[in-house]
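A.B. asks: The structure under discussion is supplied below as structure tokens; questions concerning it will follow.
There are 2 protein chains.
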Amino acid sequence: MRIAIDAMGGDNAPGEIIAGALESIELLGDKDELILVGPQDVVAPQLPSSKSRKAAISVVDAQEVIEMDEPPVESLRKKRKSSIAVMAKMAKLHQADAVISAGNTGACVAAFQMRMRNLPGVNRPGIAVVFPTFEGPVTICDVGANINCKPINLYQYGAMARMYLKHLYGVENPRVGLMSIGQEDAKGNEMVKKARELIKSDPNMNFVGNIEGRDIFEGICDVAVCDGFVGNVILKLTEGLVDGLFKAIKHELMGEKLRLAMKFKPVISRIYKKYDYNEYGGALLLGINGTALICHGSSRARTIKNAIMASKRFHIEKINDKIIEYLSRTSIRTEDEQAN
Amino acid sequence: MRIAIDAMGGDNAPGEIIAGALESIELLGDKDELILVGPQDVVAPQLPSSKSRKAAISVVDAQEVIEMDEPPVESLRKKRKSSIAVMAKMAKLHQADAVISAGNTGACVAAFQMRMRNLPGVNRPGIAVVFPTFEGPVTICDVGANINCKPINLYQYGAMARMYLKHLYGVENPRVGLMSIGQEDAKGNEMVKKARELIKSDPNMNFVGNIEGRDIFEGICDVAVCDGFVGNVILKLTEGLVDGLFKAIKHELMGEKLRLAMKFKPVISRIYKKYDYNEYGGALLLGINGTALICHGSSRARTIKNAIMASKRFHIEKINDKIIEYLSRTSIRTEDEQAN
């Protein structure tokens, strides 16, 4: 399997990205191949010369870089030689079986969608993030690929995330919750209410109904479905709040005696580790015709290593085939299609 | 000033509500009057007979109760003798200068809006919640009154919350942030982009631009503006996450030696207290022609006491007059009005 990695994506590129790729090599097979995409003159010197590596590692030259805060579509148009644009093209031409980037999320979504196209039956791809919670992991989809969401998109996010959890994480019959502002049927805006009808009408969805913000942490669902705007706010709010709370605890501990503070450090570390998103190695762009992972901008080597391993499992388990099959059997389509 | 309190609203009614009302009496003036609204036969026996109280306290009979999970509009139509419906009518007839409820939020918003009407110049009221954060309080508006939001609503939420913070909390020139999914101008859905133009075009708004979920905790704005759906998810997510994290810490501490756990308890208590929403005593329904506070369903006596005191200050400081004045001077109107 050939896995292309954006060597220039994210706040810690290229150092941590290359380190993560090198770390993953030990875990990959003989037939696996890593392709670092970025400026040859920057990336190549950072690779060890050793020929004894199990997996092959190579560099594909891409001289331009799309910065984290550039407008996605415009920057793709201007920077055709950017690592993201080059990776997307490689996926299209079947020169890569998976693409991974910790770079500009909007640019990744736009480039991958444009080049790789959607899976048959999928209207819009969605980013699925696995959230560590106190009651086990919850997958949230979408967290930012699609901010002008339609009811059918939410339905498909539920269906796709279920396949992903079932076949990649072994969750037998994942429970789907729909993010709203109250658990009652009547709660929510028009889009959410219509999505609710669609999801409810599919008996195979194991739908637990509307959920509220706090329910994500209550263990009542395995998949939380929402539009990309709401999902993005949830994702960033959670990160900010968790970071802030741990900072506050640290600050309070500074006021205590050093011996007490030191005793408490391992307790806090244990908790922090449980809710550390780096463990989950990136978010899958579900619904794309291929394997695409988008990692957090602050990704470290460990995140990239985990993303590489996740992309391999996603590819091997043929999750996309399972999504296509599921959506081909459901009678729930867009209004346009139903009219035909 | 006559303050009406829903004796039957919330998970801890009527006990904690009545207790909160009684606690507040010591802090109120000679001319203040508390009116508990609920079934006379339930509420009256719980009041002390003492005549030595500074403020007068009375009961207005309302035999019906709207439960927390009832559909708001339907329940108001059916239960015309509910405490919420009776309170709203009292406000309309100027029998109460302020109304406070910890009951069904949707029913409160619908009843207060229907009976009390909007302030001149206000298109839709919004619920403003003061969020305790690590960098000081941030006011979020709206957190659930208006889930089908228009750009003009977001503009007005910013303007109203600013007046509220300035004149009630003494924040000199409150900074307004617009909740989106990236700080760049181009980020966000269509509604948010249009709202951004409106807010930006008012030089008196002290607009800091788009904010992301994590920025709420970073101290970069005093007011965060969003539609009621997003705000409600933010509110409940934060509550759930904070509760969950403290539970996780407690759980980890249980695994430690009792002496160590006991030593750490005050540290955790200090942090928890800082982020405890009960301190803030309810959320203002900004934009309504009167003073209306909606408290959390889990409100305790302390929350109710704080809400009573907040309603008095809101009334005395004539925040509504300041909102009317501000909106009368701005040139930013709805498209309909601009067309005239």
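Chains as they are written, first to last, in our numbering: chain A, 1 to 340; chain B, 1001 to 1340.
Heads up, the beta-carbon is just placed ideally off N, CA and C, and yes, glycines get one too.
(1) Glu16/A lies in the alpha helix (DSSP H); which residues open and close that run?
(2) Could you check where the beta strand (DSSP E) with Glu1135/B kicks off and where it finishes?
(3) Can the beta-carbon of Asn1189/B be found closer than 7 Å to that of Asn148/A?
(4) Can you give me the start and stop residues for the beta strand (DSSP E) that Ser1101/B sits inside?
(5) Under 7 Å, Cβ to Cβ, is there at least one residue of chain B near Val233/A?
(6) What residue ranges within the segment 33-78 of chain A form continuous alpha helix (DSSP H) runs of no fewer than 4 residues, ordered along the chain?
(7) Can you give the Cα-Cα distance for Asn123/A and Lys312/A, rounded to whole angstroms?
(8) Name the one or two DSSP bridge partners that Gly182/A has.
(9) Kindly indicate which residue of Pro1071/B, Lys1322/B and Gly1282/B has the alpha-carbon position closest to the one of Tyr1164/B.
(10) Measure the CB-CB distance between His315/A and Asp97/A and report whether it falls below 7 Å.
(11) Use the C-beta contact count for Arg1175/B: other C-beta atoms within 10 angstroms, 16 or more gives buried, fewer gives exposed.
(12) Beta carbon of Met1008/B, beta carbon of Gly1029/B: below 7 Å?
(13) Under a CB-based cut-off of 7 Å, is Ile181/A close to chain B?
(14) Pull out every residue of the segment 58-82 of chain A whose Cβ sits closer than 8 Å to any Cβ of chain B, in chain order.
(15) Anyone know if the C-beta pair for Ala341/A and Ala301/A falls short of 7 Å?
(16) Under the DSSP definition of a beta bridge, which residues are partnered with Ile1211/B?
(17) If you follow the beta strand (DSSP E) that Ile3/A is part of, which residue opens it and which one closes it?
(18) Under 7 Å, Cβ to Cβ, is there at least one residue of chain B near Asn148/A?
(19) Can you find a C-beta in chain A that's less than 7 Å from the C-beta of Val1230/B?
(20) Tell me which residues of the segment 206-226 of chain A have at least one Cβ-Cβ distance to chain B shorter than 9 Å, keeping chain order.
(21) If the cut is a Cβ gap below 8 Å, which residues of chain B does Thr238/A touch?
(22) Does the segment 227-244 of chain A come into contact with the segment 1208-1224 of chain B, if we say contact requires no fewer than three beta-carbon pairs (one atom in each stretch) closer than 8 Å?
(23) Over the uninterrupted beta strand (DSSP E) stretch that includes Ile294/A, give me the two end residues.
(24) Using a Cβ-Cβ cutoff of less than 6 Å, which residues in the same chain neighbour Ile5/A once the five nearest sequence positions on both sides are dropped?
(25) So, under 8 Å CB-CB, Cys1108/B and Ile1234/B are touching, yes? Tell me the CB distance rounded to an integer number of Å.
(26) Whole angstroms is fine: what's the gap from Asn1204/B's alpha carbon to Leu1178/B's?
(27) Using alpha carbons as the reference points, say which of Arg1002/B, Met1001/B, Ala1013/B and Glu1033/B lies closest to Ser1298/B.
(28) Residues of the segment 1251-1273 of chain B in Cβ contact with chain A at a cutoff of 7 Å, in chain order, please.
(29) Closest to Ile1211/B by CA distance: which of Val1138/B, Lys1081/B and Glu1064/B is it?
(30) Just mark Ser1331/B as buried or exposed, buried being the case when its beta carbon has 16 or more other beta carbons within 10 Å.
(31) Are the beta-carbon atoms belonging to Val1225/B and Tyr1169/B less than 7 Å from one another?
(32) Within 10 Å of its beta-carbon, does Glu1325/B have 16 or more other beta-carbons around it, so buried, or fewer, so exposed?
(33) Can you check whether the C-beta of Glu184/A is within less than 7 Å of a C-beta belonging to chain B?
(34) Who are the Cβ neighbours of Ile304/A in its own chain at under 6 Å, not counting the five residues just before and after it?
(35) Would the C-beta of Ala85/A count as close to the ligand MN, meaning under 6 Å from any of its heavy atoms?
(36) Bridge partners for Ile1140/B per DSSP, in chain order?
C.D. replies: With the given structure in hand:
(1) Gly15 to Ile25
(2) Segment: none, Glu1135/B is in no beta strand (DSSP E) and carries neither H nor E.
(3) yes
(4) Ala1098 to Ser1101
(5) yes
(6) 40-43 and 72-78
(7) 25 Å
(8) Beta-bridge pairing links Gly182/A to no other residue.
(9) Lys1322/B
(10) yes
(11) buried
(12) no
(13) yes
(14) Asp69 and Pro71
(15) With chain A represented from 1 up to 340, any question about residue 341/A goes unanswered, as that position is not in the structure.
(16) Met1179/B
(17) Arg2 to Asp6
(18) yes
(19) yes
(20) Glu212, Gly213, Arg214, Asp215, Ile216, Phe217, Glu218 and Cys226
(21) Gly1213, Leu1237 and Leu1241
(22) yes
(23) Thr291 to Ile294
(24) Ala21, Leu36 and Ile100
(25) With 8 Å as the limit, Cys1108/B and Ile1234/B do not qualify as a contact, their Cβ atoms being about 19 Å apart.
(26) 15 Å
(27) Ala1013/B
(28) Glu1252, Leu1253, Glu1256, Leu1260, Lys1263, Phe1264, Val1267, Arg1270 and Ile1271
(29) Val1138/B
(30) exposed
(31) no
(32) exposed
(33) yes
(34) Ile17 and Gly20
(35) For the ligand MN, the structure offers nothing, since it holds no ligand at all.
(36) Val1129/B and Ala1224/B
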